[in-house]
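Written out below as structure tokens is the structure these notes cover.
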Amino acid sequence: MADELLTAEHLVKRFDDNTVLDDVSLSVKKGEVIVVVGPSGCGKSTLLRCLNALEPIQGGKITLDGEAVVYGSKNLAAIRQKIGMVFQSYDLFPHLSVLDNILLAPVKAQKRKKDEAAAEAMKLLERVGLADKAKSFPRQLSGGQKQRVAIVRALCMHPVMMLFDEVTAALDPEMVREVLDVMLNLAKQGMTMIIVTHEMQFAKAIADRVVFLENGEIIEDTDPNTFFEHPQTERAKQFLNIFSFERSKKDEKN
Amino acid sequence: MPDLGLDVLFKGKNMLRLLGGLWTAVEISLIAVALSIPLGILLGIIMTSKNPIVKAVTRIYLEFVRIMPQLVLLFIVFFGSTGALGWNISGELASVIVFTAWGTAEMGDLVRGALISIPKHQYESAAALSLTSAQTYIYVIIPQTVRRLIPLSINLITRMIKTTSLILMIGVVEVLKVAQQIIEANRMTSPNAAFGVYLAVLLIYFILCWPISLLARRLEKKWG
């Protein structure tokens, strides 16, 4: 158990009478990339949001690096510094330039020197090909560029792991790739990640493990090959069929 | 060329008297604005409360002050306070009270609107970046709120300045009242003075409010 970075045990999340997560347990090892898939409304996003305590949970326990993650607790800010999160909606701060967006948390929350953090931010921006946009404002960027900046903003905090909540779902198809490439590079560098996505090809390429969630329960938790080629459950098969429909139609024509 | 009565403006100290009346109006609106802004910000924050009683009370206040014509409010405060409570307050004080009550309501609604227009994910992404809730307000929410608010509140200021033209009805000698006095005083020598003098009043209001509303539009464009 020593190399487990994050564990969630028996999570229960309810919105009023609606149980969104029902006894979900998940553990993530250092350097592992976990992709969470499932039909919309199955609780994927809620799971991520519970993991860094953006949502209160009604049962279970979350531990990051040996510390309990508790909604509303005093050391929550310190714990959240270790978890970078990128959302589906463009969540950059519209009144700040790209560079100031990135620097806000390192300077204000981590009390780092502005020069040092700015130098790192520029290096990270360079890596995602956006160094020339440092002075731009979010409204001047495309959706894909905004998401890359959001990733850099999270990385600049030196998180030990990253959560990605459908970061490409709101993007035009041609912009999806540029964001996914950044994430693939992160995986190569050994970043621990939990990714919620609908991009199945990408999931196959990046995942060490695939978690299939339906109706708030983990139905399958296995390696990507097994999941995509030989899903164990009927429900996972049905889910994957949704994505292969178009391909089989093409096959018929040939 | 018809006699427009413009000459009356340049007789004696008439122009200075008009400007003096204008100052009375501006003074009352400035005091009311200076009080309305902090009170309105407070009210706006209170209005975003989830408590249903707080919500209802502030809502009723807002609707009452906004729906009532300002003139009626002025009459209630000026004549009503004397009749019902036996207070003898000056027209200026009554005006400041009414305009502050009205400005606070309008400002409160603007602040409430600006606060709730900040999307939820702004709070969440700040939290996910480990900013505390105080830091989130100081660096993320308030700067965005102020940017939305300033153009709107500048417009409110011009509305308040314009509406001070009503306070002559409770005996405050402001610019419109001075204009009437000038016209009356010159009835025999320049029977047509009304046009020229009121034209001057119109221009004075315009010269005062136009730059303010230009500024508002400019800020709106810059921050919009």
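So the protein lines, in turn, are chains A and B.
Residues in the first sequence are numbered from 3 upward in steps of one, following this note's numbering.
Residues in the second sequence are numbered from -12 upward in steps of one, following this note's numbering.
Backbone N, C-alpha and C fix where the C-beta goes; we use that ideal spot for every residue, glycine too.
Quick caveat: nothing in here was measured; it's all calculated off a predicted structure.
For residue i, does the count of other Cβ atoms within 10 angstroms reach 16, so buried, or fall short, so exposed?
i        : result
E118(A)  : exposed
T235(A)  : exposed
G73(B)   : exposed
Q2(A)    : Nothing about residue 2(A) can be read from this structure; chain A reaches only from 3 to 256.
I15(B)   : buried
W212(B)  : Residue 212(B) lies beyond the stretch modelled for chain B, which goes from -12 to 211, so this question has no answer here.
F192(B)  : The question names Phe, yet the displayed sequence has Tyr at residue 192(B). When all chains shown are included, Y192(B) counts as buried.
V20(B)   : buried
F(-3)(B) : exposed
D19(A)   : exposed
G95(B)   : buried
F230(A)  : buried
E111(B)  : buried
N75(B)   : exposed
M175(B)  : exposed
N256(A)  : Legend: pLDDT at N256(A) = 46, less than 50; position of this residue unreliable, no value from coordinates given.
L189(B)  : exposed
P233(A)  : buried
A12(B)   : buried
A92(B)   : buried
T218(B)  : Examination of residue 218(B) is not possible in this model, given that chain B is present from -12 through 211 alone.
Among the options, whose alpha-carbon lies nearest the alpha-carbon of residue i?
i       : options                            : result
E128(A) : V26(A), S91(A), C158(A)            : C158(A)
I208(A) : L13(A), S144(A), F229(A), M185(A)  : M185(A)
G43(A)  : T228(A), H232(A), F214(A), M195(A) : F214(A)
Q240(A) : G40(A), A10(A), V26(A), L28(A)     : G40(A)
K125(A) : V154(A), S138(A), V38(A)           : V154(A)
I85(A)  : H160(A), D18(A), K15(A), L28(A)    : H160(A)
L116(B) : A121(A), N187(A), I104(A), S99(A)  : I104(A)
L80(B)  : G70(B), A92(B), F65(B), G90(B)     : F65(B)
H97(A)  : I128(B), R99(B), N173(B)           : I128(B)
M2(B)   : T69(B), L202(B), C196(B), A187(B)  : A187(B)
L17(B)  : P130(B), V83(B), A181(B)           : V83(B)
L101(A) : K115(A), F139(A), V71(A)           : F139(A)
L61(B)  : I154(B), N173(B), S200(B)          : I154(B)
Quick one, are the C-beta atoms of residue i and residue j less than 8 angstroms apart?
i        : j       : result
I169(B)  : R4(B)   : yes
K46(A)   : L7(A)   : no
D210(A)  : E34(A)  : yes
A156(A)  : M164(A) : yes
S152(B)  : L143(B) : no
D93(A)   : A152(A) : yes
L173(A)  : G192(A) : no
L206(B)  : P138(B) : yes
A80(A)   : T119(B) : no
K63(A)   : E122(A) : no
K76(A)   : T48(A)  : no
R150(A)  : V109(A) : no
L29(B)   : G183(B) : no
V(-5)(B) : A180(B) : yes
Q90(A)   : Q112(A) : no
M177(A)  : L188(A) : no
My understanding is that residue i touches residue j, with C-beta atoms under 8 angstroms, so please give their C-beta distance in whole angstroms.
i       : j       : result
A114(B) : L56(A)  : 6 angstroms
G272(B) : G78(B)  : Outside the displayed range of chain B (-12 to 211) lies residue 272(B), so it cannot be described from this structure.
E219(A) : V198(A) : Wrong, their Cβ atoms sit about 16 angstroms apart, outside the cutoff.
T123(B) : I105(B) : So it is not a contact: roughly 10 angstroms between Cβ atoms.
F86(B)  : M147(B) : 6 angstroms
A88(B)  : V52(B)  : 6 angstroms
I24(B)  : S140(B) : 7 angstroms
A101(B) : R135(B) : 4 angstroms
I103(B) : T35(B)  : 6 angstroms
T170(A) : E201(A) : 6 angstroms
I221(A) : A205(A) : At roughly 15 angstroms, the Cβ-Cβ gap does not stay under 8 angstroms, so I221(A) and A205(A) are not in contact.
V26(A)  : L13(A)  : 4 angstroms
L28(A)  : C52(A)  : So it is not a contact: roughly 10 angstroms between Cβ atoms.
F166(A) : V71(A)  : F166(A) to V71(A), Cβ: 18 angstroms. No contact.
For residue i, report the span of its alpha helix (DSSP H) as first-last.
i       : result
G95(B)  : 78 to 103
T119(B) : No alpha helix (DSSP H) holds T119(B); DSSP gives it neither H nor E.
F214(B) : Lying outside -12 to 211, the shown extent of chain B, residue 214(B) is not represented and no answer is given.
I128(B) : Unbroken run through I128(B): none, as it is neither H nor E.
T224(A) : No alpha helix (DSSP H) contains T224(A), which is instead part of the beta strand (DSSP E) from 219 to 224.
V295(B) : In the structure displayed, chain B extends from -12 to 211; residue 295(B) sits before or after that span and is not available.
I81(A)  : 78 to 82
I170(B) : 162 to 172
G145(A) : 145 to 157
F51(B)  : 39 to 54
Identify the continuous beta strand (DSSP E) that holds residue i and give its terminal residues.
i      : result
I36(A) : 35 to 39
N1(B)  : First-last for N1(B): 1 to 34, but that is the alpha helix (DSSP H), not the beta strand (DSSP E).
T65(A) : 61 to 66
L54(A) : A small fix is needed here, since residue 54(A) is Asn in this sequence, not Leu. N54(A) -> no beta strand (DSSP E), and no H or E assigned at all.
S29(A) : 20 to 31
F89(A) : Per DSSP, F89(A) belongs to no beta strand (DSSP E) and is neither H nor E.
Would you say residue i touches the ligand SAM, meaning its beta carbon is less than 7 angstroms from a heavy atom?
i      : result
G45(A) : In the structure shown, the ligand SAM is absent, as is every other ligand, since no ligand is present at all.
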